[in-house]
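Q:
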Amino acid sequence: MNESAPFMAAAHYLGYSADPSFVFILFSVGNTRESRPWDANYDGTSYPYLRAAYEGAFILRVAGLDYGSINTFRRKLFASQNLTNPSSIDSTVMPMYDAVFLYGVALNKSLTATKDENVYMNGSLVFQYMKNIEFAGITSQVLINNDGERIPSYQFVRIPKNVDRTYTVLVEIEANRATDCDPTILGNLCYPFNTTVTYNYLAIVWPPDEPVCGYSDQLCDQTLFYVLGGVILGALLFIALIYYAVKKKRESRLYLMPWQVPLSSVKLLASGTVVSSMISMTSLRDSTTSVNSKTLTTSLQQALVGNTRASVRRYKQLKRISFDRRDLNSLYHTKQASHDNLNSFVGLTYNNLNNECLFFWKLCTRGSLQDIVANEDLKLDMDFKASFISDIVKGMLFLHSSNIKEHGTLRSSNCLVDNHWTVKLTDYGVNRTITDLLKHREIQYTEEGVQEPTPNKLLYMAPEHLRTFLSHRRIEVSQAGDIYAIGIIMHEILYRMEPYSDSDDTAEGKLFYIIQKVASLDATTMRAIRPSFPRDSDVPSEVVIIIQQCWSESADQRPNIKRIKKVTDSALRTSSGTITEHMIKMMEDYAGNLEKIVHERTAMLEETQLQAEGLLLQMLPKSVAQDLKLGRHVAPQTYEEATVLFSDIAGFTTLCSSSGPLEIVAFLNGIFSGFDAIIAEH
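With my numbering, the residue at position 627 of the sequence shown is 629, and numbering never jumps.
#1: For I61, which three-state DSSP category applies?
#2: Can you give the Cα-Cα distance for A20 and I549, rounded to whole angstroms?
#3: Whole-angstrom Cβ separation of N110 and K133, contact assumed at under 8 Å?
#4: Per DSSP, which one or two residues make a beta bridge with N196?
#5: Pull up the distance between the alpha-carbon of T114 and that of N120, whole angstroms please.
#6: Please name the residue or residues paired with K269 in a DSSP beta bridge.
#7: Throw me the rounded Cβ distance for the R413 and L360 pair, which I believe falls under 8 Å.
#8: Can you tell me where the alpha helix (DSSP H) with Q157 in it begins and where it stops?
#9: May I have the straight-line CA-CA distance separating N73 from C215, to the nearest angstrom?
#10: Please go through the segment 606 to 671 and give each complete beta strand (DSSP E) segment of 3 or more residues, from N-terminal end onward.
#11: Output the boundary residues of the beta strand (DSSP E) element that contains L145.
#12: I'd like to confirm the pairing. Which residues does DSSP put opposite G349 in its beta bridges?
#13: Spatial neighbours of L523 within its chain, please: C-beta separation below 8 Å, excluding the five flanking residues on both sides.
#14: Give the range of the alpha helix (DSSP H) segment to which Y497 is assigned.
#15: Say whether chain C places a C-beta atom closer than 9 Å to the C-beta of Q559.
#16: Taking the beta strand (DSSP E) that K426 belongs to, which residues open and close that run?
#17: Which residue spans inside the segment 407 to 444 form an unbroken beta strand (DSSP E) run of at least 3?
#18: Distance, Cα to Cα, E494 vs P457?
#19: Along the chain, where does the alpha helix (DSSP H) that runs through S572 open and close?
#20: Drop a sphere of 10 angstroms on the beta-carbon of R443, count the other beta-carbons inside from all chains shown, and report buried for 16 or more, exposed for fewer.
#21: By Cβ distance below 6 Å, which residues in the same chain neighbour N671 in space, the five residues on each side in sequence not counted?
#22: Report yes or no: do three or more beta-carbon pairs, one from the segment 421 to 429 and one from the segment 326 to 345, lie closer than 8 Å?
#23: Within 10 angstroms of the Cβ of D385, are there 16 or more other Cβ atoms? Answer buried if so, exposed if not.
#24: Are three or more beta carbon pairs between the segment 371 to 386 and the segment 560 to 579 nearer than 8 Å?
#25: Could you check what DSSP says for L766 in three-state terms: helix, strand or coil?
#26: Can you tell me where the beta strand (DSSP E) holding I27 begins and where it ends?
#27: Let's see if you can read the secondary structure: which residues bound the alpha helix (DSSP H) around E136?
#28: Do Q157 and I140 have their C-beta atoms closer together than 9 Å?
If you want it as structure tokens, here you go:
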């Protein structure tokens, strides 16, 4: 058994001992109780991993060397020889006992046959009397065949799962001598084995004698498998070819660059044709200035790209631009993006003779959402606020589920409004490319000293990206960053407040200070600053909670865009009707409000005109004043004679000393009014 330990260990390592397709049959001529390799190997060390290797193995062992027979022999020998420690008697003494007994039997037969006391010296003769002998030995029944060899009895046993238990005897194979059989004639045929099955071995799952199809698959028709294998292989090759063809086609589309606009198809419009929009800007002033909102008028550069009117993002090109695969892929998917709430990317032109890199987006003439929110003359009800938020969320849902993945620079100024009051997201998909071009100094801003993003744009940046930007001047983008910006924009729309515009007019209210506080946690509260919520508001609490979740310091704790859409669609469903009906209602309200403003401004104009006309009549003759009002040319007139009135008020100095200022003015006005009346009559 010990000799089988390396083999069984290797079989267990290769997984054969746990494979039901393999059965291990071992052979033992010793005491299987005392030969247990898993208990103590040659060096006396226990090897537990061998226990699992031997579990379930079968052993063909010589009968009579079981533990009970050995103990019986030891007790008898101990009693007859007065031994003090019977366990010291080795089990190998038992076969030796049978051998000595066999020699004694053969020697007695030799003495009886020859009557020679020295017959023990004739080994050949004694050996002849050892053949074909049967007697009861100490181990088992001893049978010696015609060749003088012992025919032992065997036991076929199985090692149980618990190797420490008694082995299960499956088959007893007992040596036997047939009656009426002459061994000198038939030889070993006179010694058959009697087999007795002592265990239902059919309950054991035995592996087949050979594989179902034989060792060389000669017993099975493999044609079907070959055909199926060929079909499967052909299908896999076909799929691989299709995949390769589709991939190459996509590659070719990338390098076709459908987003590239030839300079010849671009017509930059003169500055007088630009659209002016009222935008609310946030400026950073000195240490005594807080975040102030003021209305400025800026010009948006326009261009005609073919027949499409587009806005232009203009850069000066410093050296030749070569886009890598990532940029080509990004620009391609940006060009192909199509959604009701995405502003179309027209394309870009670069490497031209003008040394300019121009990015074109479809023009939305109503301006940005930032313009509309800042316009106090425009009344927005909750329906329209909900519509704006819904448009933004739907646009972001499309971006996050598309190949573009994220927006990157989402803010209210990048949410444009078209003629149908639909919000369209712009400036997506190209910011990573522009950032890389600026970083490698392939392009630069057309205006000196311009830096992006400006401080007010940083207010829409997520704190984790803001920290990276402030420390490394590197812009990072992520979907979680977009979620943070959505929360800022929702707050801006619902409360019509720019981010942090309610800050106190103190040093702590400076814009840069706010940016620093957004990026870092307060040492006392361990919370970062976020925009505040007005107390008196009709905004649903569910929306307030989702906005606060969008502002979570941890990006993992912010909701995804699907969660935001579910909450806003449920909580901001304020009235029935479609967005078209809301738009019509909004247009009616806007028209009514505009008509009211026109009436007020017209009344103010008429009042101003009357005041100007009265002043004009006081300064000029009526005929001259009427001509000037009607826009007529007043020709100079020459008179041969003219009367000049000189007047002197006697005692005027004394009069002034005794009268008040208003009395003197009224006195002079009365005198000269009288003069004017007399002159007018004559």
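Even glycine gets a Cβ: it sits at the ideal position worked out from N, Cα and C. If you're wondering where the values come from, they're calculated on a predicted model, not measured in any experiment.
A: According to the data block:
#1: The residue you call residue 61 lines up with position 59 of the sequence shown. Three-state DSSP puts I61 in a strand.
#2: Mapped onto the sequence shown, residue 20 falls at position 18. Mapped onto the sequence shown, residue 549 falls at position 547. Approximately 58 Å between the Cα atoms of the pair.
#3: The residue you call residue 110 lines up with position 108 of the sequence shown. The residue you call residue 133 lines up with position 131 of the sequence shown. 15 Å between Cβ atoms; not a contact.
#4: Stepping through the sequence shown from its first residue, residue 196 is reached at position 194. Answer is E176.
#5: Numbered from 1 along the sequence shown, position 112 holds the residue referred to as residue 114. Numbered from 1 along the sequence shown, position 118 holds the residue referred to as residue 120. Spanning the two alpha carbons is a distance of roughly 12 Å.
#6: Numbered from 1 along the sequence shown, position 267 holds the residue referred to as residue 269. Bridge partners of K269: L306.
#7: As a working mapping, residue 413 is identified with position 411 in the sequence shown. As a working mapping, residue 360 is identified with position 358 in the sequence shown. About 22 Å separates the two Cβ atoms, so there is no contact after all.
#8: As a working note, residue 157 is residue 155 in the sequence shown. Note, Q157: premise wrong, no alpha helix (DSSP H); beta strand (DSSP E) at Y156 to R160.
#9: Within the sequence shown, numbered from 1, the residue matching residue 73 stands at position 71. Within the sequence shown, numbered from 1, the residue matching residue 215 stands at position 213. Computed Cα separation, rounded: 50 Å.
#10: Within the segment 606 to 671, no run of beta strand (DSSP E) reaches 3 residues while sitting entirely inside it.
#11: For the purposes of this step, residue 145 is taken as the residue at position 143 of the sequence shown. It spans Q143 to L145 - the beta strand (DSSP E) in which L145 sits, taken as one unbroken run.
#12: The sequence position of residue 349 within the sequence shown is 347, counting from 1. According to DSSP, which records beta bridges pairwise, G349 is partnered with F362.
#13: Within the sequence shown, residue 523 is the residue found at index 521, counting from 1. Same-chain partners within the cutoff: R529, A530 and E555.
#14: Taking the sequence shown and counting its residues from 1, one reaches residue 497 at position 495. Unbroken alpha helix (DSSP H) run through Y497: Q481 to Y497.
#15: This model lacks chain C altogether, as it is built from one protein chain only.
#16: Position 424 of the sequence shown, counted from the first residue, corresponds to residue 426. Where K426 is concerned, the enclosing beta strand (DSSP E) stretches over V425 to L427.
#17: Contiguous beta strand (DSSP E) elements confined to the segment 407 to 444 occur at 417 to 419 and 425 to 427, taking only those with 3 or more residues.
#18: Stepping through the sequence shown from its first residue, residue 494 is reached at position 492. Stepping through the sequence shown from its first residue, residue 457 is reached at position 455. Spanning the two alpha carbons is a distance of roughly 17 Å.
#19: To locate residue 572, count along the sequence shown from 1; it is residue 570. That run of the alpha helix (DSSP H) goes I563 to A573.
#20: Locating residue 443 in the sequence shown gives position 441, where the first residue counts as 1. Exposed is the call here.
#21: In the sequence shown, the residue the question calls residue 671 occupies position 669. Correct list: empty, nothing qualifies.
#22: yes
#23: Taking the sequence shown and counting its residues from 1, one reaches residue 385 at position 383. Burial call: buried.
#24: yes
#25: Here the chain covers residues 3 to 684 and nothing more, so residue 766 does not appear.
#26: By 1-based counting over the sequence shown, the position of residue 27 is 25. Its beta strand (DSSP E) spans residues I27 to S30.
#27: Position 134 of the sequence shown, counted from the first residue, corresponds to residue 136. E136 -> not in any alpha helix (DSSP H); beta strand (DSSP E) instead, spanning E136 to A138.
#28: Position 155 of the sequence shown holds residue 157. Position 138 of the sequence shown holds residue 140. Contact: no.
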